[in-house]
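Peer 1: In the numbering used here, the protein residues as written are 944 to 1168.
Heads up, the beta-carbon is just placed ideally off N, CA and C, and yes, glycines get one too.
Small disclaimer: the values here were computed from a predicted structure and weren't measured.
(1) Can you name the residues that DSSP bridges to residue 1039?
(2) Assign residue 1132 to buried or exposed, taking buried as 16 or more other Cβ atoms, counted over all protein chains shown, within 10 Å of its Cβ.
(3) Assuming residue 1061 and residue 1072 make a contact with CB atoms under 8 Å, what is their CB distance in whole Å?
(4) Helix, strand or coil for residue 1011 per DSSP?
(5) Flag this pair as yes or no: are the beta carbons of residue 1044 and residue 1096 separated by less than 8 Å?
(6) From this set, 1135, 1137, 1136, 1152, which residue's C-alpha is nearest residue 1143's C-alpha?
(7) Between residue 1102 and residue 1015, which are expected to be in contact by the criterion C-beta below 8 Å, what is the C-beta distance as a whole number of angstroms?
(8) Please tell me whether residue 1027 and residue 1167 are closer than 8 Å, where the distance is taken between their beta carbons.
(9) Can you look up residue 982 in the DSSP assignment and give me helix, strand or coil?
(10) Who are residue 1005's beta bridge partners in DSSP?
(11) Can you check DSSP and say which residues form a bridge with residue 1053?
(12) With distances taken Cα to Cα, identify the nearest neighbour of residue 1057 among 1150, 1141, 1077, 1155.
(13) Between the beta-carbon of residue 1098 and the beta-carbon of residue 1090, is there less than 8 Å?
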C-alpha cells in the first residue's frame, strides 16, 4: 500500500484503485471488527446464530477514478447450479466501513432499497426497476438513494440489494476514499470468495470466533461437486 500511496501524485491517464481481497493484514482495529459486539448484535438480529465470516477486502479509490455501475454481490443469486438454487434465499450481508467517509458526487455509494425483494431474472435490471416495472413485486416504490457519510461510518446491507459507486472527481478535496468490507454469510456452502482462514487467525481465536471461521472456503468446482 505504501508504494501505491507514494505514486498517487504521479500523473496517469487511467487512475487505478488499490484493491486487496482477502484483506488478511488487518491490524488490531480491523481484527476487532470481525466480532465487535455491535457487529455481532446486528448479524444475530438479521441472520440468527448460524452464520460465518465469508471474506474481507480493502480498497483505496484515487481522484479521477470512474464509477462502478449498479450490481448485486450475492453469488448464489446469480448462478444456477443446484447448490446455488438451494442457497439462494439465505443471507449474505456486507458491512462496509468508510474511515474517511464520502460526500455526494465524490465516490459516494448509492443503493436501490427493496431491490433485494425482486426475483433474479435476466429481465430484472436496475434500469427497469428504477422505471417502476417491479414496484408491485417489491411491494414498494424502487428508487435510487444516494448516500453521504462522515468519516468513521459503517453501511450495513443485504448483498442482494443493487448498489453502485459514483466517480471520484479529479479535483476532489479528498486524495482517496478508503473502504474496507467484511462479508458474513448464513451457514452453508461457500460463496464465490469465501476465503481460506489464515492459521494464525485460528490459533488465536476464541471459541466463539472459531465458529465464524470453521467453514469450507471456495474452491474451483465446489458448486458442481
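Peer 2: Reading from the atomic positions:
(1) 1098, 1124
(2) buried
(3) 6 Å
(4) strand
(5) Yes, the pair counts as a contact, with Cβ atoms nearer than the cut-off.
(6) 1152
(7) 7 Å
(8) no
(9) helix
(10) 1119
(11) 1089, 1107
(12) 1077
(13) It is a contact, given that the beta carbons lie within the stated cut-off.
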